[in-house]
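*Asks:* Sharing a structure here in structure tokens format.
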Amino acid sequence: MTIVAPIDPAKLRACTKPFYDARTLPSEAYHSDEVLDWERRNFFATSWVCVGRAGDLAEPGSQRAAEVGGTGILFIRGDDNELRAFHNTCRHRGHELLPCGASTQRQTVQCPYHRWTYGLDGTFKGGPTMAVQPGFDKSDPDHSLRRAEVREWHGWVFVNASGDALDFDDYVGNLEDLIAPYEPGRMFVGASHSYEIAANWKVIVENYHECYHCTEIHPELCAVSSPTSGEGIQPSGLWVGGTMSLRNGVETMSLDGKSAGVRIRGLDDDSAKDVGYYMLWPNLLLSPHPDYMMTHRIEPLAPSRTFVECQWLFPPESRQRRDFDPAFAADFWDVTNRQDWNACESVQRGNGGPGYRQGPFSEQEVQVYEFALMVAQGYLTGGVREPVPHFSDVRR
Ligand code: FES
Ligand SMILES: [Fe+2]
């Protein structure tokens, strides 16, 4: 049964019109607790959601709990090196096995409430006095932890809490061809920043998808990349995005346009002139550069509050450079991120008041339109399961 989001459908249909007639999302999409609850259940729980890097769960016995779409999930690296995900709920009386956000390293999973114990593969091992209890069958698989779907993709961990997301390869679609040449699976995290932003998660994604604002708020960015450069790309999976080009003579996105790293092996001169800006639904922004990969991982905390983890990943050869310092990338983007967060917080203050009306898009906001279309269609149909159609005649 389709469960439509608690928003006036007429307002949503304004977002799904052809580009030149379409309007931005309505105010409730950014401000309502009911809408965010709905999104957790129908966007996040039923999709693949990125929860971070697999390198944080590298050793057998590594365990970490996270909240995904309102559901607690426990990630465990097994003795066989396989990464598994389970519902973070004890099979006795439902205590969390690990607090969400916490990590540990041990050879069993043990519930802190009455000490029921499970193997790293989720199998029930025992609980105090249960072995001698009449009628209790220790080998009954019903006592074992409930699995959730998990996938590793180029070093990122994705989980599907509901178990009915799209097939992972269909979900990623042709984004695989755009990301694979950068080989992010072999990269290391050189820098990581956490931000908490007083704006809805979709305001942050929309801002990411356009450079219409760049001349106004990003002087450093405009010095190294033309805001009107680049092009959108037709997605075949659940993603939206395109490229922008570096200015002539610029090596990468940094404050002086120079790289303190190395070009990613396998990139030719042409592809080393571009920076990609891709949103993999619903919460991972991937920005491949000639010499590093930047990601923003987004977690909604409340309608007007969002956690963002921004990471800069580098190929291992970077470390062979004696003057290698990830700050050339992180400093540039930290300045730019903060300019963006200020704009996003201002939008959030402005789009909740009585003066807000659903506005039109400029031709430099095609990807914002595509994202709003994805969201609005998802609201109307109970979830996002199809790529958006692309409007290749309109440049970003
Ligand atoms: S709820 Fe976990 S051991 Fe009782
Ligand atoms: Fe920006």
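Residue numbers (my numbering): 3 to 398.
C-beta atoms are modelled at their ideal positions from N, C-alpha and C, and glycine is treated no differently.
Give me, in chain order, the residues of the same chain whose beta-carbon lies closer than 6 angstroms to that of Y197; leave out the 5 immediate sequence neighbours on both sides.
*Replies:* V310
*Asks:* Using a Cβ-Cβ cutoff of less than 6 angstroms, which residues in the same chain neighbour C113 once the five nearest sequence positions on both sides are dropped?
*Replies:* C92, H97, L99
*Asks:* When DSSP labels each residue in this structure, what does Q313 get in the three-state scheme?
*Replies:* strand
*Asks:* Leaving out five residues on either side along the sequence, give the residues of the same chain with a beta carbon under 6 angstroms from the beta carbon of H33.
*Replies:* Around H33: P305, G354.
*Asks:* Using beta-carbon positions only, say whether T245 and G259 come within less than 7 angstroms of one another.
*Replies:* no
*Asks:* What did DSSP end up calling K19 once you bin it into helix, strand or coil?
*Replies:* coil
*Asks:* Runs of 3 residues minimum, wholly inside the stretch 213–248: which ones carry the beta strand (DSSP E) assignment?
*Replies:* The stretch 213–248 contains these whole beta strand (DSSP E) runs: 241–247.
*Asks:* Excluding the 5 residues preceding and the 5 following V70 in the sequence, name in chain order all residues of the same chain whose CB lies nearer than 6 angstroms to its CB.
*Replies:* For V70, where only same-chain residues beyond five positions count, the Cβ hits under 6 angstroms are V51, V161, A163.
*Asks:* Restricting to Cα atoms, I'd like to know which of T254, S238, D327, D171 is closest to F190.
*Replies:* D327
*Asks:* How far does the beta strand (DSSP E) with Y32 in it extend, from its first residue to its last?
*Replies:* Where Y32 is concerned, there is no enclosing beta strand (DSSP E), although the alpha helix (DSSP H) it sits in stretches over 30–33.
*Asks:* Using the C-alpha atoms, what's the distance from D342 back to G187?
*Replies:* Between G187 and D342, the C-alpha separation is close to 28 angstroms.
*Asks:* Could you please give me the residues that DSSP links to N44 through a beta bridge?
*Replies:* Beta-bridge pairing links N44 to no other residue.
*Asks:* Is V6 helix, strand or coil by DSSP?
*Replies:* coil
*Asks:* Excluding sequence positions up to five away, which residues of its chain have a Cβ less than 8 angstroms from the Cβ of R55?
*Replies:* G157, W158, V159, V191, Q313
*Asks:* Secondary structure at E84, three-state DSSP: helix, strand or coil?
*Replies:* In the three-state reduction of the DSSP assignment, E84 falls in the coil class.
*Asks:* Helix, strand or coil, according to DSSP, for K127 in the structure here?
*Replies:* Residue state, collapsed to three classes: strand.
*Asks:* Taking 7 angstroms as the threshold (C-beta atoms), are Y280 and W241 in contact?
*Replies:* yes
*Asks:* Need the endpoints of the beta strand (DSSP E) that T106 sits in, please.
*Replies:* 105–107
*Asks:* Please list, in chain order, all residues of the same chain as P356 whose beta carbon is under 7 angstroms from its beta carbon, the five residues on each side excluded.
*Replies:* Cβ within range, chain order: n/a, list empty.
*Asks:* Distance, Cα to Cα, P28 vs D166?
*Replies:* Each residue's alpha carbon lies about 28 angstroms from the other.
*Asks:* Using alpha carbons as the reference points, say which of G385, A378, P391 lies closest to A12.
*Replies:* A378
*Asks:* Is the beta carbon of M376 sitting closer than 7 angstroms to the one on V386?
*Replies:* yes
*Asks:* Using the Cβ count rule (16 or more neighbours within 10 Å means buried), how would you classify C72?
*Replies:* A quick correction: the sequence has Gly, not Cys, at residue 72. It is exposed - the Cβ of G72 has fewer than 16 other Cβ atoms within 10 Å.
*Asks:* Apart from the five residues just before and just after P8, which ones in its own chain have a Cβ nearer than 8 angstroms to its Cβ?
*Replies:* E30, S34, E36, V37, W40
*Asks:* Spell out the partners DSSP gives S194 in its beta bridges.
*Replies:* Q313
*Asks:* Could you say if the stretch 220–228 and the stretch 247–257 meet the contact criterion of at least three C-beta pairs nearer than 8 angstroms?
*Replies:* yes
*Asks:* State yes or no: is the C-beta of E222 within less than 7 angstroms of the C-beta of V337?
*Replies:* One thing to note: E222 has its Cβ within 7 angstroms of the Cβ of V337.
*Asks:* Spell out a yes or no on whether the stretch 145–157 and the stretch 73–89 are touching, meaning 3 or more CB-CB pairs, one atom from each, closer than 8 angstroms.
*Replies:* yes
*Asks:* State buried or exposed for T254, treating a residue as buried only when at least 16 other CB atoms are found within 10 Å of its CB.
*Replies:* buried
*Asks:* Just tell me which of W155, N339, S64 has its CA closest to the CA of S472.
*Replies:* Not covered by the structure: residue 472. The range shown for the chain is 3 to 398.
*Asks:* Beta carbon of S348, beta carbon of V264: below 7 angstroms?
*Replies:* The answer is no: Cβ separation not under 7 angstroms.
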